[in-house]
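Residue numbers (the working numbering), protein chains in the order written: chain B, 1 to 118; chain P, 1001 to 1118.
See below for the structure under consideration.
Number of protein chains: 2
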Amino acid sequence: MPDIQESVCAVIHKDIVDEVKESIPREDETSRLASFFKVFGDETRLKILWAIDRHEMCVCDLAALLGMTKSAVSHQLRLLREENLVRTRRDGKVIFYQLSDSHVTQVFEKSVEHIEEK
Amino acid sequence: MPDIQESVCAVIHKDIVDEVKESIPREDETSRLASFFKVFGDETRLKILWAIDRHEMCVCDLAALLGMTKSAVSHQLRLLREENLVRTRRDGKVIFYQLSDSHVTQVFEKSVEHIEEK
DNA sequence: CTTTCGGTTGAACGGTTGTTCAAATGATAT
DNA sequence: ATATCATTTGAACAACCGTTCAACCGAAAG
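So, in structure tokens, the structure goes:
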């Protein structure tokens, strides 16, 4: 008989699965949460967030700080904007970026704690 | 004259760049932080973490819960293991997965706060 | 109005990532 | 010892991601 690998597999502990299924968040909530974290999962964006947490900065200065092109920085800033993590302020020709709220810093702190602990 | 786009661009506010450059974390720290967040930036892994936060679970049950193959789940669990987010316990033939510490939950909470606030 | 220039955008490219499929482990139960 | 079966693994493939390049946009300065 051929060894058929079932695609969804047999449940071993039905009681546990049922119990957990009750409390799992709705699809759109896990989806939004995943997009939120996805933004942090890149070194460039992490550095940008860290930098503008210290001081509001423009694209040119961020590019100089990180040793990247303005274009690359701008592409990343767009993602941060879409995720509502940053807000902007114009002064003459220059646009300054800053964090939109303090949750970002708090999420950072908890994560650093976890990593330090190892 | 041809319009040459310089690759690193002119600094506009040298004082700010220098100040921020002082406090930016070391390369390896941002790197570890990014890998940590990268793990959360996927809906499947997020659901797995959420599930085993409620109750320790085996691969088969997780696969059934999420409607995925055991293989797919196992691949993701490997990433969670590498990031020290989960630990295992064997009972007979079955291996139960559970969260390795409570920081994970705390990071979740802060993020949900940010998202709810919108 | 025209020029300047910081910032944005879109296409294109390598590289990475998540899932599937098939095969292999390896601890347990017989 | 052998068979069973939960779990792991590796290769392959499509989808996605980050950077570069070139062109464009638009507010402000002249």
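Using N, Cα and C, we set each Cβ at its ideal position, and we do this for glycine too.
Distance between beta carbons of residue j and residue i, contact taken as under 8 Å
| i | j | result |
| --- | --- | --- |
| L99/B | L49/B | 7 Å |
| E56/B | R89/B | 7 Å |
| K1119/P | V107/B | With chain P running from 1001 to 1118 in the structure shown, residue 1119/P is simply not present. |
| T30/B | E1117/P | Contact flag wrong, Cβ pair sits at about 18 Å. |
| V1086/P | Y1097/P | 5 Å |
| L33/B | V1112/P | 7 Å |
| D101/B | H1114/P | 7 Å |
| S1023/P | R54/B | 6 Å |
| G1041/P | G41/B | 4 Å |
Those residues which DSSP pairs with residue i across a bridge
| i | result |
| --- | --- |
| Q1098/P | R1087/P |
| C60/B | Answer is none; C60/B lacks a bridge partner. |
Cut-off 8 Å between Cβ atoms - residues of its own chain near residue i, not counting five sequence neighbours on either side
| i | result |
| --- | --- |
| R1045/P | V1039, Q1076, L1079, L1080 |
| M1001/P | Residue confidence for M1001/P is low, a pLDDT of 38 falling below 50, so the modelled location carries little weight; the figure read from the coordinates is stated next. Counting only Cβ-Cβ distances below 8 Å, and skipping sequence neighbours, we find nothing. |
Close Cβ partners of residue i (< 6 Å) along its chain, the five nearest in sequence each way excluded
| i | result |
| --- | --- |
| V1011/P | V1017 |
| V1073/P | V1059, L1062, A1063 |
Close Cβ partners of residue i (< 7 Å) along its chain, the five nearest in sequence each way excluded
| i | result |
| --- | --- |
| A51/B | M57, L62, L65 |
| C1060/P | K1070 |
| F36/B | E83 |
| K21/B | none |
| K1047/P | L1066 |
**Request:** Name, going along the chain, the residues of the segment 18 to 36 of chain B whose beta-carbon falls closer than 7 Å to a beta-carbon of chain P.
**Result:** Answer in chain order: E19, V20, K21, S23, I24, P25, T30, S31, R32, L33, A34, F36.
**Prompt:** Which residues, in order along the segment 68 to 100 of chain B, keep a beta-carbon less than 7 Å from a beta-carbon of chain P?
**Reply:** Under the 7 Å Cβ criterion, the segment 68 to 100 of chain B contributes T69, K70, V94.
**Prompt:** What residues from the segment 1036 to 1054 of chain P come within 7 Å of chain B, judged by C-beta to C-beta, listed N to C?
**Reply:** Answer in chain order: F1036, F1037, K1038, F1040, G1041, D1042, E1043, L1046, K1047, W1050, A1051, R1054.
**Item:** Within the segment 1002 to 1053 of chain P, ranges of the alpha helix (DSSP H) (whole runs, at least 4 residues)
**Value:** Complete alpha helix (DSSP H) runs here, min 4: 1014 to 1023, 1027 to 1040.
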